[in-house]
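One structure is given below, encoded as structure tokens.
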Amino acid sequence: MRLWAGLFVCLFLLVSNPVPAEGAADIETEQLTDGLLQELELGEMEDFLRDQQAENDLDISFTELLKGFLSGEETYDFSRVWSWVVSHSFGVLRQNKTYFAQMLVLLLAFALLQGITGVFADSFLSDISFLAVYFLFLYNALRIFASMQQIIYACMERISEFTLLVQPIFCMAMLFSEGIRSSGLTYEMLLLVLYLIQNLLQNLLLPVVFLYLITQFANYTWKEERFSSLAKLFEGTVLLAQKVLVAFVLGMNLIQGMVAPAVDQLKRTTAVKTMGVIPGLGGAMNAVSEMLLGAGILIKNCVGATVIVVLVLLCAKPLLEIGVLALVYRLLAVVAEPVTDKRISGVLDALARTGMLYLKLSVTAILMLFLTVAVVCVASGAAA
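In our numbering, the protein residues as written are 9 to 392.
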């Protein structure tokens, strides 16, 4: 209804005040774009970003970024991005330096005990010395895992809340250039993405990652690995599930993009052509509809680009933290393997793999929202 209301208002202004000058037409287009932009109601999104500013070191405004895309003046300073990555990487290392130091001390202690008790191969003393260091290792590994778990759950909650706020904004922007059918299906698709993030990723796959880590801890308690197949099953389940989720969301969006925009375009074209046959109003109607449709497509695509940029910025810090932790413990596993028991290096490798699984699940949640917005923008834009 708002689309047709804007269409009739623009038609009335054009008929009552004809302005053939190109400059006046540009001014009318800018005024129309500003009027449509005010209908998006970005207040809740701005409040959400302000709440995230201190926690994620973000200083970003959804409205200002959107206006920058609309004006074509948005630029990127890649030197600032690089400095941000370097500073936060060293920040992660500083925050976890106690854990790193404890792990190194335990590795040295185990190497020393292994040398001392080496003459007592397969003896009770050798087993006790290993178990003492091993359980200290497990204690520190669980503390590190708890830190990564806190990061990943906070990241998932942030993506869920952002998706919930994106729904009305993006679907309202679609109404400016598409019909109610495309907007309604996109709203349902965003609800589906939110459901998958909250119920499959958070409540199902993240606990499976925890089971994988615990299974690996139990697996390396004995010299002969007794739970390696079970651990591989858990890891393979997570990897397969994240690929299936991305493929499912992409396929659903592609199917929707092939049908819904074409139906809305047919209805819109039929209505405009029908009104265009009215004597004296046909040319004006075509001009106003093209101007309104162009402004609507511009706003919709800029909103989509803004959503994607803000989503990446919101998740950049937790993804960087988990990636740095996984890399550091993978390097520790490489260093520990030649000088200690393979079970100790196996624990470090399992911790690094857990971090990588968390990283892949976070990227999966981002990709589901990313693909939904990107495919809808491309498909509806092509249909228009």
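By construction, the Cβ of each residue, glycine as well, lies at the ideal position given by its N, Cα and C atoms. Note that the structure is predicted; figures quoted are calculated from it, not measured.
Any contact between the region 190–202 and the region 353–372? By contact I mean 3 or more CB pairs, one from each, below 8 angstroms. no
Here's the rule: buried if 16 or more other CB atoms are within 10 angstroms of the residue's CB, otherwise exposed. What is G244? exposed
Suppose contacts are defined by Cβ-Cβ distances below 7 angstroms. Is V332 in contact with V100 by that definition? yes
Report buried or exposed for T223, applying the criterion of at least 16 other Cβ atoms within 10 angstroms of its Cβ. Residue environment analysis places T223 among the buried positions, since at least 16 neighbouring C-beta atoms fall within 10 angstroms of its C-beta.
If you draw a straight line from the alpha carbon of G51 to that of S155, how long is it in whole angstroms? 33 angstroms
Suppose the cutoff is 7 angstroms on Cβ atoms and the five residues either side in sequence are ignored; what does the same chain contact list for L204 look like? L253, M376
Just reading off the alpha helix (DSSP H) that N227 is part of, what are its end residues? 214–227
Tell me whether the region 145–161 and the region 102–117 touch, counting them as touching only if at least three CB pairs, one residue from each stretch, are closer than 8 angstroms. With the cut-off at 8 angstroms, the region 145–161 and the region 102–117 touch.
What are the start and end residues of the alpha helix (DSSP H) that includes F70? 70–79
Per DSSP, what kind of secondary structure is D55 in: helix, strand or coil? helix
N202 - DSSP class collapsed to helix/strand/coil: With the sequence shown as reference, residue 202 is identified as Leu, and Asn is not the correct amino acid for it. L202 falls in the helix class under three-state DSSP.
With the cut-off set at 7 angstroms, would you say V383 and N261 are in Cβ contact? Yes, the Cβ-Cβ distance between V383 and N261 is below 7 angstroms.
Would the beta-carbon of I167 fall within 7 angstroms of that of A373? yes
Does the Cβ of P346 have 16 or more other Cβ atoms within 10 Å, making it buried, or fewer, making it exposed? exposed
Nearest residue (CA-CA) to E165, options L319, S236, I188, F77: Shortest Cα-Cα distance from E165 to any of L319, S236, I188, F77 involves L319.
Indicate the three-state DSSP secondary structure (helix, strand or coil) for R102 in the structure shown. helix
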